[in-house]
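Undergrad: Chain order of the listed sequences is A and B. When we follow the numbering used here, the leftmost residue of the first sequence carries the number 1, and every step to the right adds one. When we follow the numbering used here, the leftmost residue of the second sequence carries the number 265, and every step to the right adds one. Note that beta-carbon positions come from the ideal geometry of N, C-alpha and C, so glycine has one too.
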Amino acid sequence: MATAAPPAPPAAPQLRGVQPLRAGEGHSFFWRKLHSLTGIVPIGAFLVEHIVSNYEIVNGPLAYAKQVLFLNSLPLVRVLEWVFIFIPLAYHALYGVFIAIRGRSNVNVYPWAGNWMYLSQRITGLIAFFYIIQHLYRQRFTGVSLPEHPGAAFAKVQHELANPWMLAIYVIAMIATTWHFSYGVWLFAAKWGITPGDKARKKFGWVCGLGGAALCLMGLISIYAVVTAPPAPEDVMPEQPGITLLKPSTPPNSTNPTQPGAVR
Amino acid sequence: MPSTIKVEIKRQSNPDAPATTEKFEVPYRSGMNITSLLGEIALNPVDVSGRATTPITYDSNCLEEICGSCAMLINGKASMACSALVDKLTGPNKDQTITLAPLSKFPIVRDLAVDRSVLFENLKKVKAWVPIDGSYDLGAGPKQAPQIQEKRYPLSNCISCTICMEVCPQFNDATGFVGAATIAQAKLFNLDPSGAVLKEERLRALAGDGGIQECGFAQNCVQACPKQLPLTEAISDMGRDVFIQQVKDLFAR
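1. List the whole-angstrom C-beta distance separating residue 150 (chain A) from residue 237 (chain A), where the pair is believed to meet the contact cut-off of C-beta under 8 Å.
2. Going by beta carbon distance, what residues of the same chain come within less than 8 Å of residue 105 (chain A), once the five residues before and after it are set aside?
3. Checking the sheet assignment: what are the DSSP bridge partners for residue 268 (chain B)?
4. Could you tell me the boundaries of the beta strand (DSSP E) in which residue 152 (chain A) lies?
5. Three or more C-beta pairs under 8 Å: does that hold for the stretch 363-377 of chain B against the stretch 271-285 of chain B?
6. Just curious, the alpha helix (DSSP H) that residue 166 (chain A) is in, first and last residue?
7. Hey, does residue 439 (chain B) have any beta-carbon neighbour from chain A nearer than 7 Å?
8. Which term fits residue 498 (chain B), buried or exposed, when burial requires 16 or more other beta carbons within 10 angstroms of its beta carbon?
9. Indicate whether at least one CB of chain A lies closer than 7 Å to the CB of residue 368 (chain B).
10. If you measure from the beta carbon of residue 215 (chain B) to each beta carbon in chain A, is any gap under 7 Å?
11. Would residue 26 (chain A) pass as a contact of residue 472 (chain B) if the rule is Cβ separation under 7 Å?
12. List the endpoints of the continuous beta strand (DSSP E) containing residue 338 (chain B).
13. I'd like the list of long-range same chain contacts for residue 284 (chain B), defined as Cβ closer than 7 Å, with 5 residues on each side in sequence excluded.
14. Return the residues of the stretch 103-118 of chain A that lie within a Cβ-Cβ distance of less than 7 Å from chain B, sorted by chain order.
15. Buried or exposed for residue 170 (chain A), please, with buried defined as at least 16 other CB atoms from any protein chain shown within 10 angstroms of its CB.
16. Are residue 299 (chain B) and residue 346 (chain B) closer than 7 Å when you measure CB to CB?
17. Quick one: which unbroken alpha helix (DSSP H) runs of 4-plus residues sit fully inside the stretch 439-478 of chain B? Chain order, please.
18. Would residue 232 (chain A) and residue 158 (chain A) qualify as a contact pair, given that the criterion is a beta-carbon distance under 7 Å?
19. How many angstroms separate the CA atom of residue 445 (chain B) from the CA atom of residue 477 (chain B)?
20. Quick one: what does DSSP say residue 389 (chain B) is sitting in, helix, strand or coil?
21. Where does residue 228 (chain A) sit, in a helix, a strand or coil, going by DSSP?
22. Which one or two residues does DSSP pair with residue 605 (chain B) in a beta bridge?
23. Relative to the C-alpha of residue 311 (chain B), which candidate in B:325, B:288 and B:328 has its C-alpha closest?
24. What residues match up with residue 363 (chain B) in a beta bridge as DSSP calls it?
25. Does residue 18 (chain A) have its Cβ less than 7 Å from a Cβ in chain B?
26. Step through the CB atoms of chain B and report whether any lies within less than 7 Å of the CB of residue 29 (chain A).
27. Would a check of beta-carbon distances place residue 459 (chain B) closer than 7 Å to chain A?
28. To the nearest whole angstrom, what separates the beta carbons of residue 208 (chain A) and residue 179 (chain A), a pair I think is in contact under 8 Å?
29. For the 8 Å Cβ check, are there 3 or more pairs between the stretch 443-463 of chain B and the stretch 498-508 of chain B?
30. Mind pulling the alpha helix (DSSP H) runs of 4 or more residues that sit fully within the stretch 290-329 of chain B?
31. With DSSP run on the structure shown, which of helix, strand or coil describes residue 218 (chain A)?
32. What whole-angstrom Cβ distance do residue 467 (chain B) and residue 509 (chain B) have, given they're in contact under 8 Å?
33. In the DSSP assignment, what residue or residues form a beta bridge with residue 97 (chain A)?
34. Residues of chain A with a CB under 8 Å from the CB of residue 382 (chain B): which are they?
35. When you compare the CB positions of residue 15 (chain A) and residue 389 (chain B), do they come within less than 7 Å of one another, or not?
36. Check whether the Cβ of residue 26 (chain A) lies closer than 7 Å to any Cβ atom in chain D.
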């Protein structure tokens, strides 16, 4: 039987400089992984949907209005909008800024491709951050409310992009956002261990690059289409005050007067 | 061929002293590397203006890029002094000044010597060892298949030089990121048939604050590694294993 306790290990002196791993402590793993995942679903999925939906603008004001009407006709659309777009987007954006400000980019010393992409992911993220704030403010929460007036969508976008500065902002933001998304997908695959091998990462790089370029091109074509289109009417689906739907009347011989219109 | 080599060295006499720069001009010999250049200065510690000074303090041991102790900033970039050849550092006309500085992310002990204990602490945190200590003879370990050996061998080449950490944009005071070397060593020992008993503990350790999630995948580590360790592959593989372990723990613990 051992009677003497083993000598206590000497207390580790407090190190200067970068601190060692806090093994198993804290919750930053969860929050960082959540940031990574929200970038793919729902935000990335929404970005693809948004750019694909916007591509309807190529087919003119009425087609675009119908697409806006369709999206706003989804069941529980306001709930979907908050739960799958606004809240994850706000989290991804704010945590992303937190990540960006804690990095110490050193491309000036080590100008390697991966290091440039690291910096580009932070810069494009910040561009998207500021762009999306103004985009939501000016297009979603102020001006003509498109959920109630889907017919005004084309004109609203057209007026916005009539300003050459705004047009430049949209073009830059389109490139930045699709860049951030496509490299983000690549990073996701690399960091979650989906593409560990060098060859796999290289091949998937092509997939992400081509996918991102296609998405960006679709967005830029949509911008070109709306800017070069003839001025659209303010609302292609106006409410028609002259037409009122007739209230169903109880027909004679009705067997169920509480259900107007139901004849048996 | 130049007759001398111009070298500029960032010096600091103790951890709290202000940094100064001293310039030297060292007689040229063919085939010199940075450690032999520093040895040359130690033989005659006189700076370019003829003022006597102290020899440069720096870590070195094996002089053949296997001990990992002589990492420093050579012309601004983290490299091993022993394998950094002077002829390749003086530019096309062989007349440029070589600059030497200590690694920038580790506390300075003196001159070019820095305290890299953080790596040792990190290796301890992830239990980067095979637990074979016992009160009796444990006998021969389990057999290791050649396929496993081939995966492990490149990772076993790590010399703990900390260059992967120095060049990493995420390894800094704000994140306290563990760095690529420790993650690669955790993979090395997880792949060991005997070391695998500590696999779950290593994976849990790497999910702590400053763990594998802080990697930004800038891939500087794998570019700069003097021993060509497959560091990004190790981070990717361990990223998956750490995540799976966290999910398992969430449901099964």
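TA: If we stick to the structure as given:
1. Mapped onto the first sequence, residue 150 (chain A) falls at position 150. Mapped onto the first sequence, residue 237 (chain A) falls at position 237. With 8 Å as the limit, residue 150 (chain A) and residue 237 (chain A) qualify as a contact, their Cβ atoms being about 6 Å apart.
2. Here residue 105 (chain A) refers to the residue found at position 105 of the first sequence. The beta carbon of residue 105 (chain A) sits closer than 8 Å to the beta carbons of 115, 118, 119 and 122 from its chain, once the five residues preceding and following it are set aside; these are given in chain order.
3. Within the second sequence, the letter at position 4 stands for residue 268 (chain B). Looking at the DSSP assignment, residue 268 (chain B) forms a beta bridge with B:291.
4. By 1-based counting over the first sequence, the position of residue 152 (chain A) is 152. No beta strand (DSSP E) contains residue 152 (chain A), which DSSP labels as neither H nor E.
5. yes
6. Reading the first sequence from its first residue, position 166 is the one you call residue 166 (chain A). Its alpha helix (DSSP H) spans residues 164-191.
7. In the second sequence, the residue the question calls residue 439 (chain B) occupies position 175. Closer than 7 Å to some Cβ of chain A, the Cβ of residue 439 (chain B) qualifies, so yes.
8. As a working note, residue 498 (chain B) is residue 234 in the second sequence. Label assigned to residue 498 (chain B): buried.
9. Numbered from 1 along the second sequence, position 104 holds the residue referred to as residue 368 (chain B). Judged by the 7 Å Cβ criterion, residue 368 (chain B) is not in contact with chain A.
10. In the structure as shown, chain B starts at 265 and stops at 517, and residue 215 (chain B) therefore has no counterpart that could be examined.
11. In the first sequence, counting from the first residue as 1, residue 26 (chain A) sits at position 26. In the second sequence, counting from the first residue as 1, residue 472 (chain B) sits at position 208. Between residue 26 (chain A) and residue 472 (chain B), the C-beta spacing is below 7 Å.
12. In the second sequence, the residue the question calls residue 338 (chain B) occupies position 74. Start and end: 335-338.
13. As a first step, residue 284 (chain B) must be located in the second sequence, where it is residue number 20. 275, listed in sequence order.
14. 103, 104, 105, 106, 109, 110, 112, 114, 115 and 118
15. As a position in the first sequence, residue 170 (chain A) is number 170, starting the count at 1. When all chains shown are included, residue 170 (chain A) counts as buried.
16. For this step, residue 299 (chain B) is matched to residue 35 along the second sequence. For this step, residue 346 (chain B) is matched to residue 82 along the second sequence. Yes, the Cβ-Cβ distance between residue 299 (chain B) and residue 346 (chain B) is below 7 Å.
17. Qualifying alpha helix (DSSP H) stretches, in chain order: 444-454 and 463-469.
18. For this step, residue 232 (chain A) is matched to residue 232 along the first sequence. For this step, residue 158 (chain A) is matched to residue 158 along the first sequence. Their beta carbons are under 7 Å apart, which means residue 232 (chain A) touches residue 158 (chain A) by this criterion.
19. As a first step, residue 445 (chain B) is located in the second sequence; it is residue number 181 there, counting from the start. As a first step, residue 477 (chain B) is located in the second sequence; it is residue number 213 there, counting from the start. Those two C-alpha atoms are separated by around 15 Å.
20. The residue you call residue 389 (chain B) lines up with position 125 of the second sequence. Helix, per DSSP.
21. Position 228 of the first sequence, counted from the start, is the residue given in the question as residue 228 (chain A). Helix at residue 228 (chain A).
22. The structure shown has nothing for residue 605 (chain B), since chain B only spans 265 to 517.
23. Residue mapping note: residue 311 (chain B) aligns to position 47 of the second sequence, counting from 1. Minimum Cα distance to residue 311 (chain B) is reached at B:288.
24. For this step, residue 363 (chain B) is matched to residue 99 along the second sequence. In the DSSP output, where bridge partners are listed per residue, residue 363 (chain B) has B:272.
25. Taking the first sequence and counting its residues from 1, the one referred to as residue 18 (chain A) is at position 18. So, interface residue.
26. The residue you call residue 29 (chain A) lines up with position 29 of the first sequence. Answer yes: the Cβ-Cβ gap between residue 29 (chain A) and chain B drops below 7 Å somewhere.
27. Within the second sequence, residue 459 (chain B) is the residue found at index 195, counting from 1. Residue 459 (chain B) does not count as touching chain A.
28. As a first step, residue 208 (chain A) must be located in the first sequence, where it is residue number 208. As a first step, residue 179 (chain A) must be located in the first sequence, where it is residue number 179. Actually they do not touch by this definition, with Cβ atoms about 10 Å apart.
29. yes
30. Correct list: 298-307.
31. Taking the first sequence and counting its residues from 1, the one referred to as residue 218 (chain A) is at position 218. Three-state DSSP puts residue 218 (chain A) in a helix.
32. To locate residue 467 (chain B), count along the second sequence from 1; it is residue 203. To locate residue 509 (chain B), count along the second sequence from 1; it is residue 245. Right, the Cβ-Cβ distance comes to about 4 Å (below 8 Å), so this counts as a contact.
33. Working through the first sequence from its first residue, we reach residue 97 (chain A) at position 97. Beta-bridge pairing links residue 97 (chain A) to no other residue.
34. Your numbering for residue 382 (chain B) matches position 118 in the second sequence. Here the neighbours are 15, 17, 18, 19 and 20.
35. Position 15 of the first sequence holds residue 15 (chain A). Position 125 of the second sequence holds residue 389 (chain B). For the pair residue 15 (chain A) and residue 389 (chain B), the CB atoms are not nearer than the 7 Å cut-off.
36. Of the chains in the structure shown, none is chain D; the protein chains are A and B.
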